[in-house]
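See structure below.
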Amino acid sequence: MNKKKLLSFAIALLLGVSSTFAQKQPVDYVNPLMGTDSKISLSNGNTYPAIALPWGMNFWMPQTGKMGDGWAYTYASDKIRGFKQTHQPSPWINDYGQFSIMPMTKQLKIDQDSRASWFSHKAEKATPYYYSVYLSEYDMTTEIAPTERCAHFRFTFPETSDAYVVIDAFDRGSYVKVIPEENKIVGYTTRNSGGVPQNFKNYFVIEFDKPFTFNKVWADYHLVETHLELQSNHVGAAIGFSTKKGEQVHAKVASSFISPEQAELNLKEIGNKTFEQTKEAGRKAWNNVLGRIKVEDSDENRMRTFYSCLYRSVLFPRMFYEVNGKGETVHYSPYNGEIRSGYMFTDTGFWDTFRCLFPFVNLIYPSMGEKMQEGLLNTYLESGFFPEWASPGHRGCMVGNNSASVVADAFMKNVTKADAEKMYEGLLKGANSVHPKVSTTGRRGYEYYNKLGYVPYDVKINENAARTLEYAYDDWCIYRMGEKLGRPAEELDVYKKRSQNYRNLFDPETKLMRGKNSDGTFQTPFNPFKWGDAFTEGNSWHYTWSVFHDVQGLVDLMGGKKMSAKGVRVEMDGEAIAVNLFIVVRYGSAIGDVAKKVQQMVRTALEGMTGFRVAAVNVHVGGISFN
């Protein structure tokens, strides 16, 4: 080849490579394994690889943890126990409606420990729309491609007369039936971690494309020889095949919270699609959602981080509704156990999401935000309260009445199409009562808050200062929504006045927020660095900035531009904040280390909680304390 031809070839090759890079789509940057290197004693994310569609009703995951373990997949593990349908929003909240599928060869192994197979991350591929792993114990590969309510499995077996698939419906009440003439298994699981009515069930159906050469049901890991249908505390099924080398066996799986018949209807999401078609449809769905935001960066690692985080941001709250045979949107109510019409979403805690996730959804995905607001209205109509933490029903977790923020934000952005007056009614209900069984729903301590202007430190209500500060912001949200609705001035004035209750916790001596006793005295002793106590997953340095609705008011409390010998001075310039801290350092402490720690903590807290850019955090050491 002469030099001219070689040059032309090289240019063509480079253009081809460039074209390949240009074709990289948002979903290609997502790494579902990011954040999975965690354990209960140390969190590096507390996530699991959610193989799902955006906001999908059902997720799937490789299960490395034992049945019931919230840390269901951890990166440091080296064995997979099964492939689990999951609805877990958090390891602390745990799961519900779960069952698992585990293929194997050589010898049938039912219990979760003996059936587990070694695997390597080198032989594992995880994307939002597709998962694949080689199970070395059995010399076979498992692949999963999800839809919103289904999953398409593909098992590649070696040549063997002993290929099996074990279905585990989990304990605490389950049912299974094998139908050999239809290559089908049906059943239900009731396993949950709370937040469900008495009649809760997750019905499932599994259809294989290959006749069974072996079929049994089992209870408590023991095979039953006499029949193919079983209901007990912990049941499952085992089916088998004879396979050629490289033979692929497919399974289509769907579930429903409504009925077995609805599970069959949900299976139509896959219909006659091949595995590759299901996979490609999932890829397209993810690119449509992730592609709403276009990011350009020469650093591919930052691209991976951004889109991996965006992927996590559009998983929850999940759909908890289905489409019946008439094409109507319906849902099983996790609040009253009835089948109702309309949308329902679940698996999110508003304390974690009111500041960021829901405003983000309303801005970027308003059509989904509209459905979510209708779902929130249905929650109020079915339970008498908006949720604060739902999974799938009301859960006793975290603090605050942040549904007021979530509802008001959508309404103010003109996203809400549901009955706004009825939703406003729900906000007033939540602001002046507490759920009779779940004290974190509504406002715990509202009687004190409405009378004193704060939740006292000394009345055995935990995280009282955090509640007060969040209630004040929630009151402002109620006031703004009511104002837009044209509510009476005397009604609005109540919430406008209460929105200033944050002032009741401001300590002019330290210029920080501080717990206050019912007699009006501040709590003692007081350590602004103390985690928890009067605050929630933070301290006074974090929560002092929790005045989202009246930043200037907080600036004025801190002294504005007036110099101070100690405490805090805040200056605002447009969207930027400059903070001057005047501190006294304990004798023996490294002044530089203390100043740096305070500087970092304040910057992180301010930017995270207010959204303002912190231009500077200046730490001034005014003296030494010998106490």
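Note that the working numbering has the sequence shown beginning at 23, numbered continuously upward. Glycine included, each C-beta is placed from N, C-alpha and C at the ideal position.
- In the three-state reduction of the DSSP assignment, residue 465 falls in the coil class, being assigned neither a helical nor a strand state.
- Boundaries of the beta strand (DSSP E) harbouring residue 148: 146-149, taken from the DSSP string.
- The criterion of a C-beta distance shorter than 8 Å is not satisfied by residue 524 and residue 474.
- Looking at the DSSP output, residue 445 bridges to nothing.
- According to DSSP, residue 602 shares a beta bridge with 591, 640.
- If you ignore the 5 residues before and after residue 332, its C-beta comes within less than 7 Å of the C-beta of 312, 315, all in its own chain and listed in chain order.
- Ranked by Cα distance from residue 54, the first of 148, 66, 82, 90 is 148.
- Here residue 114 is exposed, its C-beta having fewer than 16 other C-beta atoms within 10 Å.
- Taking a 10 Å sphere around the C-beta of residue 622, we find fewer than 16 other C-beta atoms and assign the residue as exposed.
- Annotated three-state conformation of residue 538 is strand, per DSSP.
- Residue 188 places its beta carbon less than 8 Å from that of residue 126.
- Residue pairing of residue 197 in beta bridges, as defined by DSSP: 210, 253.
- Under the three-state reduction of DSSP output, residue 337 falls in the coil class, being neither helix nor strand.
- Assignment of alpha helix (DSSP H) within the segment 290-366, counting only whole runs of 4 or more residues, yields 297-312, 322-335 in chain order.
- As the crow flies, the alpha-carbon of residue 167 is around 47 Å from that of residue 467.
- DSSP places residue 132 outside any alpha helix (DSSP H), giving it a letter other than H or E.
- Counting along the chain, no beta strand (DSSP E) covers residue 47, and no H or E run does either.
- Within the same chain, 70, 83, 85, 86, 87, 106, 108, 110, 113, 117 come within 8 Å of residue 94 by CB-CB distance, once the 5 residues on both sides are set aside.
- Around the beta carbon of residue 502, 16 or more other beta carbons sit within 10 angstroms, so the residue counts as buried.
- Here residue 423 really is in contact with residue 453; their C-beta atoms are around 6 Å apart, less than 8 Å.
- Beta bridge pairing from DSSP links residue 79 with no other residue.
- Residue 154: not part of any alpha helix (DSSP H); member of the beta strand (DSSP E) spanning 152-157, first to last residue.
- Residue 404 and residue 500 have their C-alpha atoms roughly 21 Å apart.
- Within the DSSP secondary-structure output, residue 163 pairs in a beta bridge with 156, 178.
- Residue 498 and residue 411 have their C-alpha atoms spaced approximately 21 Å apart.
- Under the three-state reduction of DSSP, residue 383 is assigned to helix.
- With fewer than 16 other Cβ atoms from the protein chains shown falling within 10 Å of its own Cβ, residue 441 counts as exposed.
- About 29 Å separates the beta carbons of residue 270 and residue 197, which is beyond the 8 Å limit, so they are not a contact pair.
- According to the DSSP assignment, residue 246 belongs to the beta strand (DSSP E) that extends over 244-246.
- The shortest C-alpha to C-alpha distance from residue 205 to any of 261, 611, 535, 357 is the one to 261.
- A straight-line Cα-Cα distance of about 7 Å links residue 559 and residue 553.
- About 6 Å separates the CB atoms of residue 49 and residue 305; that is less than 8 Å, so the two are in contact.
- In the DSSP assignment, residue 239 forms a beta bridge with 246, 259.
- Taking one beta carbon from each stretch, the segment 368-377 and the segment 332-346 have 3 or more pairs nearer than 8 Å; the two touch.
- By the neighbour-count criterion, in which 16 or more other beta carbons inside 10 Å mark a residue as buried, residue 378 falls on the exposed side.
- Residues of the same chain with a CB within less than 6 Å of the CB of residue 432, apart from the 5 flanking positions on each side, are 384, 391, 395, 438 in chain order.
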